[in-house]
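Numbering of the sequence shown is given in this note's numbering, commencing with residue 67 and proceeding in unit increments.
A virtual CB, placed ideally from N, CA and C, is assigned to each residue, including glycine.
A short write-up of the structure that comes next.
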Amino acid sequence: FDDLIFTFNLNPRPPQTKRKRSSFTRAGKEKLRLVRDSGACVLCRLRKVSCSAKEVCDQCRRTVDDPIIAKQICLRTRIQDIYIGVKELQSSLIARNEQLQNLLTSLDGKPQDIRLSLASETEGHRSIALCVQVMRCAVSPKCRWKSLKKTHGIYITSNKLEEKRYVIMPNSLPGVEDLDAFGRGILLMSPGSLSGKMTRLLDDFLSCYSSQGGFSTVRHLSNLTLRIASLSNFVAYGFLNLQDGSYDLLERLSVEENHPEKFVSETVHDQIRVLAAEGLEPAEKHVFSELDNLSKIVGVSNHARIIAGTCLLRLLVLYRDRLLRDQIRLELPRTKPREFTRLSRDFELHQLRIEQSAFMYRRLTVAYGTLCREHDSPLTMNWEDEGMGIHMNENEELKTIFSQLRCAFRQFCRENLTCTYDDVFKSLISEPIKGRKTR
Numbered sequence: 067f068d069d070l071i072f073t074f075n076l077n078p079r080p081p082q083t084k085r086k087r088s089s090f091t092r093a094g095k096e097k098l099r100l101v102r103d104s105g106a107c108v109l110c111r112l113r114k115v116s117c118s119a120k121e122v123c124d125q126c127r128r129t130v131d132d133p134i135i136a137k138q139i140c141l142r143t144r145i146q147d148i149y150i151g152v153k154e155l156q157s158s159l160i161a162r163n164e165q166l167q168n169l170l171t172s173l174d175g176k177p178q179d180i181r182l183s184l185a186s187e188t189e190g191h192r193s194i195a196l197c198v199q200v201m202r203c204a205v206s207p208k209c210r211w212k213s214l215k216k217t218h219g220i221y222i223t224s225n226k227l228e229e230k231r232y233v234i235m236p237n238s239l240p241g242v243e244d245l246d247a248f249g250r251g252i253l254l255m256s257p258g259s260l261s262g263k264m265t266r267l268l269d270d271f272l273s274c275y276s277s278q279g280g281f282s283t284v285r286h287l288s289n290l291t292l293r294i295a296s297l298s299n300f301v302a303y304g305f306l307n308l309q310d311g312s313y314d315l316l317e318r319l320s321v322e323e324n325h326p327e328k329f330v331s332e333t334v335h336d337q338i339r340v341l342a343a344e345g346l347e348p349a350e351k352h353v354f355s356e357l358d359n360l361s362k363i364v365g366v367s368n369h370a371r372i373i374a375g376t377c378l379l380r381l382l383v384l385y386r387d388r389l390l391r392d393q394i395r396l397e398l399p400r401t402k403p404r405e406f407t408r409l410s411r412d413f414e415l416h417q418l419r420i421e422q423s424a425f426m427y428r429r430l431t432v433a434y435g436t437l438c439r440e441h442d443s444p445l446t447m448n449w450e451d452e453g454m455g456i457h458m459n460e461n462e463e464l465k466t467i468f469s470q471l472r473c474a475f476r477q478f479c480r481e482n483l484t485c486t487y488d489d490v491f492k493s494l495i496s497e498p499i500k501g502r503k504t505r
């Protein structure tokens, strides 16, 4: 016993043993290569799990439990490499721009002031306008004027020819920033879109967030997303009943007292469409390149996840509205004989746009799905403000809009997904969200 007490160590040291590490085998190297290589699909790259480089992976099969939809979401390409923007959807604008350049060389007469305006359908006849100056064109005086009439939620045009053509003077043409501000004002007057009232709340939220001071990656992404939404309305026909003040210069109001229908100049509107397309291209290029880095953006905070998810949802709704508009346009009956002669050409054009918009709608839905975690998504999680310190107050306006947006998003998932092309959204996002209890 005395020997034990004498040899007892009061400060024992831990044994000098090294932690064993598993060897990095050839199979492990191959697994890592599949994750990092472009052969891995979007979902597997984000979750950093192994993926099959040739066929639909097990991860995507388990995600949707449907082999057909699993094939659609098991994507291995970057958005910035395959996105379909304004150039592809509105390919005729290149030829129209060349025609406009010829018209601008033959302006005649004195400059006259007109107003491009749009009146709200709901908010007490509120209107917004953009002032420009026009001159008559001498080289090609005949002009096609269009009247817009709303049918099944979209505007359909009817045409007439007049002996006068007006063109916006180059030094009076608004800049992209001015047109963007005009378009954002129109968005904030809109009651919604073909996808429901959620669209208006998305625009309200992004507008409120973008107007705050300071610079951040998500605020820049929000601002460019709102620019894409505002300028897209000008580029595509069928979404805005934009009135053209140049029609009043024809001095035909007394003749048409019994027909107060307003017509818009094709030339003036083509100038606005080309200008909007020029502003859309760089915004689309930047936004879609940022969407490939979503994992880095949303990893900063839950706030960044909410903002990035809202931007992504606004973009996929934009493409969904486009395909719905073309789908409605194809289903409308044609009664005039000349319309039947153009039936095949119109069908091919609208069908191509439907396929292009449907591809981007599904592709952006997959990107949104990478932000969802089981039954949670950026539009169903609890609000988290941008404040970095404990003494900073929450933005109550943003918080209120986000609360309304959460309800509208749930309603959209329950009631609006009736389109054939909503299959991926329903399987990947809507069905899991329905199983989540409201907090």
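With a 10 Å radius around its C-beta and 16 neighbouring C-beta atoms as the bar for buried, classify Cys377 as buried or exposed. buried
In whole angstroms, what is the alpha-carbon distance linking Phe468 and Gln477? 14 Å
Going along the chain, which residues of its own chain have a beta-carbon closer than 7 Å to the beta-carbon of Gln393, five neighbours each way excluded? Ile420
For Arg266, collect the residues of the same chain with a Cβ closer than 7 Å to its Cβ; drop the 5 residues on either side in sequence, then sort them by chain order. Ser256, Pro257, Gly258
Contacts around Lys465, its chain only, beta-carbon distance under 6 Å, and the 5 residues preceding and following it disregarded: Trp449
Between which residues of its own chain and Arg388 is the CB-CB distance below 6 Å, once the five residues before and five after are set aside? Ser423
Top-ranked residue by Cα proximity to Ser355, from Leu184, Lys114, Thr291, Gln278: Thr291
May I ask you to list the residues that DSSP assigns as paired with Cys309? Residue identity check: residue 309 is Gln in the sequence provided, not Cys. In the DSSP output, where bridge partners are listed per residue, Gln309 has Ser183.
Please report how far the alpha carbon of Phe491 lies from the alpha carbon of Gly435, in whole angstroms. 9 Å
Leaving out the 5 sequence neighbours to the left and right, which residues in its chain are closer than 7 Å to Glu463 when beta-carbon positions are compared? Cys274
Would DSSP call Met201 helix, strand or coil? strand
Excluding the five sequence neighbours on either side, which residues of its own chain have a C-beta within less than 7 Å of the C-beta of Asp489, listed in chain order? Ile135
Using the DSSP secondary-structure output, state which residues sit across from Tyr232 in a beta bridge. Arg202
In the DSSP assignment, find the alpha helix (DSSP H) that holds Lys216 and state where it starts and stops. Looking at the DSSP string, Lys216 is not in any alpha helix (DSSP H); the run it does join, the beta strand (DSSP E), is 209-217.
Just grab the DSSP bridge partners of Ala161 for me. The partner list for Ala161 (beta bridge, DSSP) is empty, contrary to what the question assumes.
Of the listed residues Arg429, Cys485, Arg250, Ile234, nearest to Glu268 (C-alpha basis): Note on identity: in this sequence residue 268 is Leu, with Glu being the wrong assignment. Ranking the options by Cα distance to Leu268, first place goes to Arg250.
Beta-carbon proximity of Asp270 to His369, cut-off 8 Å: no
Beta bridge counterpart(s) of Gly262 as assigned by DSSP: Ser259
Range of the contiguous alpha helix (DSSP H) that encloses Ser43: Absent from the structure is residue 43, since the part of the chain shown begins at 67 and ends at 505.
Do Asp174 and Arg202 have their CB atoms nearer than 8 Å? yes
Considering Ser331, what are the terminal residues of the beta strand (DSSP E) in which it resides? 329-331
Apply the 10 Å Cβ neighbour rule to Asp131 and answer buried if 16 or more other Cβ atoms are within range, or exposed otherwise. exposed
Within the continuous alpha helix (DSSP H) that includes Gln156, where are the two ends? Run containing Gln156: none; DSSP gives neither H nor E here.
Could you say which of Met426, Gly280, Ala302, Val101 lies nearest to Leu381 if we only look at CA atoms? Met426
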